[in-house]
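Chains A and B, in that order, are what the protein sequence lines are. One rule links them: number in the numbering used here = place in the first sequence (from 1) + 151. One rule links them: number in the numbering used here = place in the second sequence (from 1) + 1060.
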Amino acid sequence: MKSSLNGQGAKSLRNFSIVFSTVFKEAVKTKPYLYITLGLVLLSVLLFASPAILNNFNQDGPEETYKLVNHTSLELSEQGLAQVSGNWKIIDGVRMESIKEEIKADELSGFFMLEEHADMMKLDIYMPKVNNELVVGLESYIEQKKIESIVSSQSVDPVILQALNTPLQSDVQSLYESEPNALMIVYGLITIMFLAISTYGNNVATAIASEKSSRVMEVMITKVAPIPMMYGKILGIGMASLVQLFIFIGALLLWANLGIFDVPEGSFVQTVIETITWGTAFYILIFFIIGYFIYATLFAIVGSMVSRPDDLSSATMPIVILLMASLAAEMLFVMDYPEGMMANVTSYIPFTAPMSVLIRIVYNTIATGEIIISLLVMLAFIALFAAMAAKIYPKGVLKSDSLTFKQLMQLNR
Amino acid sequence: MTFQIKNLNKSFGSKIAVNNISIELKEGQILGMLGRNGAGKTTTIRMMLELIPKDGGQILWKGRPFSKKNVKIGYLPEERGLYAKMNVLDQIIYFGMLEGMDRKEAKKEALKWLEKLEISYAAKKRTEQLSKGNQQKVQLITAIIHDPEFIILDEPFSGLDPVNADMLKSVVKELIARKKTIIFCSHQMDQVESFCSQICILKDGNLIVSDELANVKSSYDYRYLELETAATHLKDYLEHKKYDFTQDNNRYKLRIPRSEKIYQLISEFGEKFELHGVSLKEPSLHEIFIERTGGEVIA
């Protein structure tokens, strides 16, 4: 009896591996898969090349020219203004019509009028598109000249003058123990996870519904037990998804290590390189797999309940809503406050945990113990879903018509 | 007996789909399973294949429970099912491997069958690119590639052109010659008659006929005497004697009670008319089916 059970187990395992490898090979052979993979590689190149591309755009553009009318006693120089940005011409007076024509002809990027009133100085700005960085720089330059003028008229000690001119240096610091650009990485990761789970989960449901509608399921069931077949499909399609992810991450790592792209300090790409360590990558992989597995099992059950692929969009709607609600909860609550109550709670709900834990890992706001408990909770739910699928899936796939969940439950009694 | 169904039952709610049926089949025999739509054939097959659980009864193979664990089964379902996007060769190999073959062996057998059924050129094509007839050939290959001992063929020739039907018939004949035990479901009675040594007829879930085809035919209380003659007055004679007959030009088909002494009858006709041909025929399966199921002509 025991050896017979072992024999059946070995047969199930063999059939599972055949279904798994065939589904995987068929998935990666499709044209959409090849195009998406190629697209991801191109995206990785674009990501690394983006600083250089942006730099090139900036360098290639003609230098901006500005004009300023100075109706104050301040001693402004064209060289001094050029240190702020662009080329400057200090002029005595001008007609507004001619300024407008110069701006229209792209010969001038902006015109400034500095005037002195009784109790204040006024700077009028005429620009078709206001460059805030330039305006702030210009204001700072004028303020500095104003102080110099007051200091020289009041014979103040040069040491005091130097102290007054000490620049303020601002630097963005992270609220959590992560890189300042971590928010963008988190956005990227959960978006990839959401897209991958919904796309590949739908693929699982479509594959099963197609088998049902084409009646190939009836033949398959005589050869493979439903559960090894279901998990062969889920994992086969999941592996295809992972391979795409590996190719994308592999391409990023390759560009990072080859050093063929210029990665400036403080750029997003540099943050990606510094944040995604081997340890983080391992966790991303684990939570990606588990997240996919939880949802894909639900997609598989729903796929077994419909009679044809056309009915899937309405049948999978509750799962898609659940997935979107999870994404919304992450964006609204967890990402803004990864140490808050919502972040803690959602780390133990199986539908939200993969994203929540991932966010908290990137933000460094989760302890290893919490990760392990979250993993165990998710594994327990996967076992529960697997047990549910074992009851529902075999009944669903052999019914040629669509079934409601209630009908499936009745079939199991 | 190699294959036995004993007191098999199945109900769906209050509807009895299969009512206490029993069938026996020796190794190498081919059973024609007949019945009108909804008679219980598909339900019986599905119970054999463990696709649905039986309510009661036993299905045995050489004294052990009939199961894919104990016997190599080949199944060609009535409603065809193949992976449309998968290429033909990969598909056949896939099904072969799921039946326990290794890849190399499955590929060798697949190529052999593709060659035999004259669709080698389609090996690398996607299944959906093939004609319906060629898809049916692929379906048959997937059902028998693993050399099953027990084969269920449900309407194997439906929708085929005569050339392809003949080709697939030759495959069935080969399977019969190789002593495979086969259950053959069809509404085409001439095919059942030409292939099957045993028949069973199901009606409303009940087994109303189950025997060797020859016994079923001989159990009928009439047979046919066919006479060929140029004598025009034979018709008047038959009408006068109140024979049940049909006429097709010079051919007359008389329905004769089995109790009638046939040689005496032939000599009586021979004496009165110049006969060019005489033959004695049993009732056709088509007639038996219609008579027993009370149905209309289906084939």
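Virtual Cβ for every residue (Gly too), placed ideally from N, Cα, C. Model, not experiment: these values are computed from the prediction.
Near residue i, what residues of its chain come up, given a Cβ to Cβ distance below 6 Å and the 5 sequence neighbours on each side ignored?
i: Glu-1084(B); result: Met-1061 and Gln-1064
i: Phe-484(A); result: Met-493
i: Trp-406(A); result: Phe-199 and Phe-412
i: Ile-1211(B); result: Gly-1134, Lys-1240 and Ile-1242
i: Leu-403(A); result: Ser-195
i: Glu-1087(B); result: Thr-1062 and Thr-1241
i: Lys-180(A); result: none
i: Ile-1358(B); result: Interpretation of Ile-1358(B) is limited by its pLDDT of 38, a score under 50 that renders its predicted location unreliable; the figure taken from the coordinates is listed afterwards. Contacts found: His-1247.
i: Met-390(A); result: Phe-175
Give me, in chain order, the residues of the same chain whose beta-carbon lies closer than 8 Å to that of residue i; leave out the 5 immediate sequence neighbours on both sides.
i: Lys-153(A); result: At Lys-153(A) the pLDDT is 49, less than 50, meaning the model places this residue with poor confidence; the figure from the coordinates comes in the next sentence. Correct list: empty, nothing qualifies.
i: Val-1232(B); result: Leu-1213, Pro-1216, Ile-1242, Phe-1244 and Phe-1255
i: Ala-203(A); result: Phe-412 and Asp-413
i: Glu-1334(B); result: Thr-1289, Ala-1290 and Ala-1291
i: Leu-289(A); result: Leu-232, Val-235, Phe-263 and Leu-274
i: Ile-1205(B); result: Ile-1152, Phe-1155, Gly-1156, Glu-1159, Met-1161, Ala-1166, Glu-1169, Ala-1170 and Trp-1173
i: Leu-1298(B); result: Phe-1305, Tyr-1312 and Leu-1314
i: Thr-1202(B); result: Leu-1142, Gln-1151, Ile-1152, Phe-1155 and Gly-1156
i: Ile-470(A); result: Gly-352, Tyr-446, Leu-449, Phe-450 and Val-453
i: Lys-297(A); result: Leu-225 and Met-272
i: Ile-522(A); result: Tyr-434, Val-508 and Ile-512
i: His-222(A); result: Met-264, Leu-265, Glu-266 and Glu-267
At 7 Å on the CB atoms, spell out the chain A contacts of residue i, in chain order.
i: Arg-1367(B); result: In the structure as shown, chain B begins at 1061 and stops at 1359. Residue 1367(B) is therefore absent and cannot be evaluated.
i: Met-1157(B); result: Ile-169
i: Ala-1144(B); result: Ser-365
Would you mind telling me which residues of chain B sit closer than 8 Å to residue i, beta carbon to beta carbon, in chain order?
i: Gln-568(A); result: Nothing about residue 568(A) can be read from this structure; chain A reaches only from 152 to 564.
i: Ile-336(A); result: Those within 8 Å of Ile-336(A) in chain B number zero; the least Cβ separation is about 37 Å.
Just curious, the beta strand (DSSP E) that residue i is in, first and last residue?
i: Lys-1128(B); result: Taken as a continuous stretch (DSSP letters only), Lys-1128(B) belongs to no beta strand (DSSP E), as it is neither H nor E.
i: Arg-511(A); result: Not the beta strand (DSSP E): Arg-511(A) falls in the alpha helix (DSSP H), residues 504-514.
i: Pro-1317(B); result: 1311-1317
i: Phe-262(A); result: 261-267
i: Ser-1254(B); result: Careful: Ser-1254(B) lies outside any beta strand (DSSP E), inside the alpha helix (DSSP H) at 1249-1255.
i: Ser-1360(B); result: The structure shown does not extend to residue 1360(B), since chain B spans only 1061 to 1359, so no value can be given for it.
i: Ser-1230(B); result: Counting along the chain, Ser-1230(B) falls outside any beta strand (DSSP E), though it belongs to the alpha helix (DSSP H) covering 1222-1237.
i: Asp-1304(B); result: 1304-1308
i: Asp-308(A); result: Unbroken run through Asp-308(A): none, as it is neither H nor E.
i: Leu-1213(B); result: 1210-1214
i: Asn-1097(B); result: Segment: none, Asn-1097(B) is in no beta strand (DSSP E) and carries neither H nor E.
i: Leu-1287(B); result: 1282-1289
i: Ser-1270(B); result: 1266-1272
i: Ile-1339(B); result: Reading off the sequence, residue 1339(B) comes out as Ser, not Ile. From DSSP, the beta strand (DSSP E) with Ser-1339(B) extends over 1335-1341.
Using the beta-carbon of each residue, which ones in chain B are nearer than 7 Å to residue i?
i: Lys-255(A); result: Here the premise fails: no neighbours, minimum Cβ distance about 59 Å.
i: Asn-166(A); result: Leu-1158
i: Thr-350(A); result: Ordered by position in chain B, no residue passes the 7 Å Cβ test against Thr-350(A), which lies about 17 Å from the chain.
Which residues mark the beginning and the end of the alpha helix (DSSP H) in which residue i is found?
i: Lys-542(A); result: 519-549
i: Thr-422(A); result: 419-426
i: Gly-1088(B); result: Taken as a continuous stretch (DSSP letters only), Gly-1088(B) belongs to no alpha helix (DSSP H), as it is neither H nor E.
i: His-1346(B); result: 1345-1353
i: Thr-431(A); result: 429-456
Interface residues of chain B around residue i at Cβ under 9 Å?
i: Leu-549(A); result: Arg-1106, Leu-1111 and Ile-1112
i: Gln-159(A); result: Lys-1129
Suppose the cutoff is 7 Å on Cβ atoms and the five residues either side in sequence are ignored; what does the same chain contact list for residue i look like?
i: Ser-163(A); result: Ala-376 and Pro-379
i: Pro-1137(B); result: Asp-1214
i: Met-368(A); result: Glu-362 and Val-548
Anything in chain A within Cβ reach of residue i, meaning under 9 Å, just list it in chain order.
i: Met-1227(B); result: The contacting residues do not exist; Met-1227(B) stays about 21 Å from chain A at best.
Anything in chain A within Cβ reach of residue i, meaning under 8 Å, just list it in chain order.
i: Tyr-1154(B); result: Ile-169 and Thr-173
Exercise for the section: Pull out every residue of the segment 1281-1298 of chain B whose Cβ sits closer than 9 Å to any Cβ of chain A, in chain order. Expected result: Listed in sequence order: no entries.
Exercise for the section: Specify whether the segment 1249-1268 of chain B and the segment 1114-1121 of chain B touch according to this definition: at least 3 beta carbon pairs, one from each stretch, less than 8 Å apart. Expected result: When Cβ pairs closer than 8 Å are counted between the two stretches, the segment 1249-1268 of chain B is seen not to touch the segment 1114-1121 of chain B, the count staying below three.
Practice task
Pair every Cβ in the segment 447-455 of chain A with every Cβ in the segment 351-365 of chain A, then say whether three or more of these pairs are closer than 8 Å.
Solution key: Of all C-beta pairs linking the segment 447-455 of chain A to the segment 351-365 of chain A, three or more are shorter than 8 Å, placing the two stretches in contact.
Problem - Near-chain A residues of the segment 1112-1141 of chain B (beta-carbon distance less than 8 Å), N- to C-terminal order - result: Identification of residues in the segment 1112-1141 of chain B having a C-beta nearer than 8 Å to some C-beta of chain A yields Ile-1112, Lys-1128, Lys-1129, Ile-1133, Tyr-1135, Pro-1137, Glu-1139, Arg-1140 and Gly-1141, given in sequence order.
Practice task
Evaluate the contact criterion for the segment 542-552 of chain A versus the segment 1071-1084 of chain B: three or more CB pairs, one atom per stretch, below 8 Å.
Solution key: No, the segment 542-552 of chain A is not in contact with the segment 1071-1084 of chain B.
Handout entry: Validate contact between the segment 236-250 of chain A and the segment 215-222 of chain A using beta carbons, cut 8 Å, 3 pairs
Key = With the cut-off at 8 Å, the segment 236-250 of chain A and the segment 215-222 of chain A touch.
Exercise for the section: Examine the Cβ distances between the segment 1315-1331 of chain B and the segment 1268-1287 of chain B and report whether three or more of them are shorter than 8 Å. Expected result: Three or more Cβ pairs drawn from the segment 1315-1331 of chain B and the segment 1268-1287 of chain B lie within less than 8 Å of each other, which places the two stretches in contact.
Exercise for the section: Using a Cβ-Cβ cut-off of less than 8 Å, give me the residues of the segment 363-376 of chain A that come near chain B, in sequence order. Expected result: So the list reads Ser-365, Arg-366, Val-367, Met-368, Glu-369, Val-370, Met-371, Ile-372, Thr-373, Lys-374 and Val-375, given in the order they occur along the chain.
Practice task
With 7 Å as the C-beta to C-beta threshold (strictly closer), list the residues of the segment 168-189 of chain A near chain B in chain order.
Solution key: Contact annotation: in the segment 168-189 of chain A, residues whose CB is within less than 7 Å of a CB in chain B are Ile-169, Thr-173 and Glu-177.
Problem - Stretch pair the segment 459-475 of chain A + the segment 345-355 of chain A: three plus CB contacts closer than 8 Å - result: The way I'd put it, the segment 459-475 of chain A does touch the segment 345-355 of chain A; three or more beta-carbon pairs between them come closer than 8 Å.
Problem - Segment contact, 8 Å Cβ cut-off, at least three pairs: the segment 1098-1109 of chain B with the segment 1271-1279 of chain B - result: Verdict: no, contact absent.
Practice task
Evaluate the contact criterion for the segment 523-534 of chain A versus the segment 461-470 of chain A: three or more CB pairs, one atom per stretch, below 8 Å.
Solution key: Contact between the segment 523-534 of chain A and the segment 461-470 of chain A is absent: fewer than 3 CB-CB pairs across the two stretches fall below 8 Å.
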